[in-house]
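Below you'll find the structure, written out as structure tokens, and then a few comments.
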DNA sequence: TATGAATGAGTATTCATTCAT
DNA sequence: TATGAATGAATACTCATTCAT
């Protein structure tokens with residue numbers, strides 16, 4: 084998995100043949116197939132692991148956010164999303180752009196699912212302070228926006244993004260979401 | 084191009100070999116290569132055509148939006164984005180998810196670019212009515228959000244989405260963006 | 084044929100596809116096939132024409148040589164061979180090295196045949212002055228040597244070959260052959 | 084390599100596709116590419132092997148010739164050249180005539196190079212007995228002649244060539260070269 | 001007579017997967 | 001359990017040739 088991730092990052096999906104992966108991993112192709120039934124499974128594992136890494140990194144902060152007032156909570160959640168995308172941006176990008184979502188890859192679990200559940204949970208708890216009634220819809224709107232904002236910012240505009248600009252982005256994202264939630 | 088699009092939609096990218104495309108198109112592979120220098124070029128053409136179709140469909144409405152007051156303009160823009168994603172949702176999805184962004188496909192022009200320019204232009208014209216100063220950032224935030232919202236809604240939740248739900252989505256998207264811009 | 088020769092010289096046999104030839108010739112592939120039944124026939128025609136050009140250039144001089152005494156005759160014949168290889172050395176080289184001798188190309192008539200006949204004829208006429216009895220063999224030995232010498236010199240050592248060096252080569256070739264013939 | 088050589092000899096270069104080679108070799112195409120990076124490399128290997136075989140066969144005799152007096156040395160060298168061309172005449176011919184000298188094949192090492200070096204070395208050692216001063220030129224003249232003579236004789240006139248005729252050829256070649264060197 | 005779009009068999013090469021050792 | 005040579009279906013692409021216009 085380590086080798087696969089490294090190749091994906093450094094050489095791209097094209098170069099990630101099973102033989103190359105085995106070579107970089109320092110094992111034989113045969114061994115690869117002893118632990119992963121197919122290349123697809125291996126890629127899925129890499130994706131899962133990447134998602135796990137992200138979750139590991141942000142879980143505590145996200146939990147922390149649950150008890151904060153809306154403004155602060157949202158800001159934290161946006162900040163956490165940025166942090167998540169910064170765990171391994173290049174891998175994240177390759178995973179998102181170069182790997183054809185075909186077969187089992189089609190429905191690969193993403194970080195978003197957990198993020199979404201937590202967010203909805205938060206809205207539920209703070210229902211009184213908010214001006215939204217369809218929590219499902221509201222979660223979808225907020226999580227989708229935050230994810231898209233941070234994804235695009237980190238993966239496609241990283242050159243343009245000083246830490247100051249990143250601060251502005253977090254600010255803007257927070258305003259976007261809070262404005263929506265509190266009306 | 085028609086055959087390619089059809090295969091992409093019905094069988095997915097990995098079935099779209101040049102021989103299969105030719106077969107479905109009812110021509111020989113040779114003929115394919117008389118009109119497209121490579122498979123990549125063919126795919127690019129399909130993407131471009133899809134984008135053209137979208138632009139065709141929404142251009143007038145988008146132009147119309149330019150002269151509307153903020154609330155109405157944003158609503159129209161969100162509605163237009165939904166419409167755009169409904170032109171050929173399955174193809175749109177395959178294009179977005181299954182085609183590896185490698186080589187010339189990496190920078191394939193998307194509908195978003197034009198959309199973004201128009202949006203920024205609108206913000207510039209209505210600067211007085213808005214509470215944003217960094218138009219670049221504001222455009223990024225709004226366009227990214229609208230695009231993500233409609234993309235996910237149409238392409239991943241289409242089953243859940245009655246026309247009523249779609250109306251709610253437009254409403255929500257509008258509130259999100261207007262709140263941000265005027266909030 | 085002109086176009087074919089030009090492509091062979093400038094771009095090599097690899098690039099000499101019938102379409103490219105037609106394009107350079109300013110006609111359609113269809114027309115090509117109105118005058119030549121196959122690509123092979125076209126190449127044969129080019130080879131034949133090249134041989135004709137060579138013969139044209141050297142025929143008179145060769146005829147002239149027939150009446151000269153051995154030493155002078157041989158020198159002339161060597162000189163003529165050099166001249167022959169200089170008619171269009173690059174084409175000559177491509178013809179010799181890049182075109183696979185397959186099919187009808189296998190037995191393509193070369194300049195050598197006529198050269199050989201003339202040489203043998205000369206030997207026959209000057210039989211008395213010579214110390215060879217098998218004229219067939221003698222012709223073979225002389226013509227083969229002269230041809231190989233000039234071919235290699237002109238086509239592979241042309242950089243090393245000043246006109247002075249070429250003079251030396253002619254001198255050497257002459258000495259080689261005369262020595263053999265007169266013992 | 085064995086399969087490639089066999090196909091070249093029996094069916095010619097244009098039948099020597101990688102798939103056919105693999106088939107004849109009794110392995111899969113994939114295996115072919117485990118040992119040779121490209122078809123070109125495979126052909127180069129076949130050529131090299133053929134050259135090695137030739138060298139193997141004649142090296143000792145050539146070494147032996149070095150210490151012989153001119154007349155005997157030259158005769159041995161001519162005889163050796165004939166022997167060399169008889170190692171695998173058909174393959175030799177296909178290699179020489181059917182394989183387009185393009186790419187890495189352009190400069191494929193031939194037996195001639197070593198032969199040339201040895202010959203020049205001999206001339207240098209026996210300089211006193213000879214009437215040539217430019218050893219470079221003399222070597223070129225002699226080696227080229229011997230090579231051409233034997234090549235043409237063995238590869239194009241093999242039907243005409245009884246062993247008696249071959250003896251005559253060696254005799255003639257020897258006389259040609261010795262006459263030139265001692266002339 | 002000229003055209004050139006259409007053809008499709010054929011090419012070299014790749015790579016996920018297997019299995020005897 | 002690990003190996004890596006062997007596999008062969010599949011791929012993108014070419015090009016001599018044809019034939020309806």
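Chains as they are written, first to last, in this note's numbering: chain A, 84 to 266; chain B, 84 to 266; chain C, 84 to 266; chain D, 84 to 266.
For glycine and all other residues, C-beta sits at the position ideal for the given N, C-alpha and C.
Keep in mind that this is a model prediction, so the values were computed, not measured.
For residue i, three-class secondary structure by DSSP
{"i": "residue 172/A", "result": "helix"}
{"i": "residue 160/D", "result": "helix"}
{"i": "residue 242/D", "result": "coil"}
{"i": "residue 193/A", "result": "coil"}
{"i": "residue 119/D", "result": "coil"}
{"i": "residue 249/B", "result": "helix"}
{"i": "residue 226/D", "result": "helix"}
{"i": "residue 181/B", "result": "coil"}
{"i": "residue 236/A", "result": "helix"}
{"i": "residue 100/C", "result": "coil"}
{"i": "residue 91/A", "result": "helix"}
{"i": "residue 133/B", "result": "helix"}
{"i": "residue 109/A", "result": "coil"}
{"i": "residue 266/C", "result": "coil"}
6 angstroms CB neighbourhood of residue i in its chain, flanking five on each side removed
{"i": "residue 182/C", "result": "96"}
{"i": "residue 92/C", "result": "173, 174"}
{"i": "residue 148/D", "result": "156, 159, 160"}
{"i": "residue 136/A", "result": "170"}
CB contact check: residue i to chain B, cutoff 8 angstroms
{"i": "residue 172/A", "result": "no"}
{"i": "residue 231/A", "result": "yes"}
{"i": "residue 224/A", "result": "yes"}
{"i": "residue 216/A", "result": "no"}
{"i": "residue 124/A", "result": "no"}
{"i": "residue 162/A", "result": "no"}
Cβ-Cβ distance between residue i and residue j below 8 angstroms
{"i": "residue 216/C", "j": "residue 251/D", "result": "no"}
{"i": "residue 213/C", "j": "residue 127/C", "result": "no"}
{"i": "residue 151/A", "j": "residue 221/A", "result": "no"}
{"i": "residue 261/D", "j": "residue 157/D", "result": "yes"}
{"i": "residue 194/B", "j": "residue 138/B", "result": "yes"}
{"i": "residue 131/A", "j": "residue 192/A", "result": "yes"}
{"i": "residue 178/A", "j": "residue 234/A", "result": "no"}
{"i": "residue 205/C", "j": "residue 226/C", "result": "no"}
{"i": "residue 161/D", "j": "residue 141/D", "result": "no"}
{"i": "residue 249/C", "j": "residue 129/C", "result": "no"}
{"i": "residue 224/A", "j": "residue 232/B", "result": "yes"}
{"i": "residue 63/D", "j": "residue 184/C", "result": "Chain D is shown from 84 up to 266; residue 63/D falls before or after that span and cannot be answered."}
Test: residue i CB closer than 8 angstroms to a CB of chain C
{"i": "residue 93/D", "result": "no"}
{"i": "residue 238/D", "result": "no"}
{"i": "residue 205/D", "result": "no"}
{"i": "residue 228/D", "result": "yes"}
{"i": "residue 181/D", "result": "yes"}
{"i": "residue 268/D", "result": "Nothing can be reported for residue 268/D: it is not among the residues displayed for chain D, which extend from 84 to 266."}
{"i": "residue 96/D", "result": "yes"}
{"i": "residue 185/D", "result": "yes"}
Close-in-space but distant-in-sequence residues of the same chain around residue i (CB under 7 angstroms, 5 per side omitted)
{"i": "residue 259/D", "result": "228"}
{"i": "residue 99/C", "result": "87, 90, 91"}
{"i": "residue 209/A", "result": "153"}
{"i": "residue 188/C", "result": "123, 126, 127, 182"}
{"i": "residue 167/B", "result": "137, 140, 141, 194"}
{"i": "residue 255/D", "result": "none"}
Chain D contact for residue i (CB, 8 angstroms cutoff)
{"i": "residue 259/C", "result": "yes"}
{"i": "residue 235/C", "result": "yes"}
{"i": "residue 244/C", "result": "no"}
{"i": "residue 135/C", "result": "no"}
{"i": "residue 196/C", "result": "no"}
{"i": "residue 89/C", "result": "no"}
8 angstroms CB neighbourhood of residue i in its chain, flanking five on each side removed
{"i": "residue 115/D", "result": "101, 104, 105, 108, 125"}
Near the ligand SAH: residue i beta-carbon under 7 angstroms from a heavy atom
{"i": "residue 128/D", "result": "As presented, the structure is devoid of all ligands, the ligand SAH included, so that no description of it is given."}
Contact with chain A by residue i, beta-carbon distance below 8 angstroms
{"i": "residue 145/B", "result": "no"}
{"i": "residue 263/B", "result": "yes"}
{"i": "residue 220/B", "result": "yes"}
{"i": "residue 247/B", "result": "no"}
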